[in-house]
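Okay, structure first, notes after.
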Amino acid sequence: MKQLGVLSIAVKRFVCLSGFSSVGKSTVGRMLAERMGLRYVSGGDALKEVAKMHGFRPTGPGWWETPRGVEFLKLRSKDPSFDKKVDRMLLRMCRAGGVVVDSWVMPWLYKGRSFNVWLTADRKMRAVRMAERSGISKAKALRLLAERDLNSARIYRRLYGIRMGKDLEPFHLVVDTTRLEPKKVVEIIETVARHYFRVSTRRRRPSANGSSRKTSTTSRRAWRPS
1 MKQLGVLSIA VKRFVCLSGF SSVGKSTVGR MLAERMGLRY VSGGDALKEV
51 AKMHGFRPTG PGWWETPRGV EFLKLRSKDP SFDKKVDRML LRMCRAGGVV
101 VDSWVMPWLY KGRSFNVWLT ADRKMRAVRM AERSGISKAK ALRLLAERDL
151 NSARIYRRLY GIRMGKDLEP FHLVVDTTRL EPKKVVEIIE TVARHYFRVS
201 TRRRRPSANG SSRKTSTTSR RAWRPS
């Protein structure tokens, strides 16, 4: 079996990237998966599959900003079954392990061992990224982001009681991508993730009374790079 540093596909671990739109989840997720020899799973692609079930034809990374994409997102905000379908799909993949997932809510829903990262960025920078990706004006991107942030927060608060962007308890690492190139973000996440998995997978060893104990532990307190 090919060893991938301290990680192996056989070890059912996964890395989850969360954050609001245009913080870099997809770009970083693909690059990180390649670096770590894992499979990349996109929550956005899963939502597009749901869109197809409802007669939409999503294409390309900028589809969400098209009139049809905006129309679908409005339908989604009114029907919780859309997100529940996506979350069921992603949970199955997470349980299989060996993946990097970008998802809004998996860190709260998945109860197995995972390394969870919250990505954040200044809204103006997010608007620049969205505008470049979708070929729209920065002003329109700012408006869409404001609406999307609000709607997404409402959806997940209603479905799961999650306070998006405020409750960071499930996360081991928080990275502000505003002034960082994707490559640097990937380097930061990979370094901390490999350390996390190395520490958290150490074997238990017998103690003096015959019971087993962990040789070390990891904290779930989010760490922010300086």
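full-length UniProt numbering numbers the first residue of the sequence shown as 1 and each following residue consecutively.
Cβ coordinates follow ideal geometry from the N, Cα and C atoms, glycine included.
Note that this is a predicted model, so its numbers are computed, not measured.
Can you check whether the CB of residue j is closer than 8 Å to the CB of residue i?
{"i": "I189", "j": "V175", "result": "yes"}
{"i": "G19", "j": "T178", "result": "no"}
{"i": "F14", "j": "V117", "result": "no"}
{"i": "R148", "j": "P80", "result": "no"}
Given residue i, which residues of its chain have a CB within under 7 Å of its CB, disregarding the five upstream and five downstream residues?
{"i": "L145", "result": "S21, S22, R123, R126, A127, M130"}
{"i": "G135", "result": "G62"}
{"i": "D87", "result": "V105, L109"}
{"i": "S103", "result": "C16, S18, G43, L90"}
{"i": "K48", "result": "P58"}
{"i": "L32", "result": "V15, V100, V186, I189, E190"}
Compare the Cα-Cα distances from residue i to each of the options and report the closest residue.
{"i": "G44", "options": "G98, R30, K138, M36", "result": "R30"}
{"i": "R198", "options": "I162, E132, R113", "result": "R113"}
{"i": "L91", "options": "E181, C16, K140", "result": "C16"}
{"i": "R35", "options": "K183, E147, G69", "result": "K183"}
{"i": "R163", "options": "A96, P107, F14, V41", "result": "P107"}
{"i": "G97", "options": "V192, E71, V41", "result": "V41"}
Where does residue i sit, in a helix, a strand or coil, going by DSSP?
{"i": "Y160", "result": "helix"}
{"i": "T177", "result": "coil"}
{"i": "D79", "result": "coil"}
{"i": "Y110", "result": "coil"}
{"i": "V128", "result": "helix"}
{"i": "G19", "result": "coil"}
{"i": "F197", "result": "helix"}
{"i": "M1", "result": "Only weak support is given to the placement of M1: the predicted model assigns it a pLDDT of 35, under 50, and the question is left unresolved by the model."}
{"i": "F72", "result": "helix"}
Quickly, what does DSSP pair residue i with across the bridge? List them, please.
{"i": "N151", "result": "Its beta-bridge partners do not exist; DSSP assigns none."}
{"i": "T120", "result": "D176"}
{"i": "R39", "result": "V99"}
In chain order, what residues of the same chain lie with their CB nearer than 6 Å to the CB of residue i, ignoring the 5 residues before and after it?
{"i": "Y110", "result": "C94"}
Can you name, in chain order, every residue of its own chain whose Cβ lies under 8 Å from the Cβ of residue i, other than the five neighbours on each side?
{"i": "R154", "result": "S77"}
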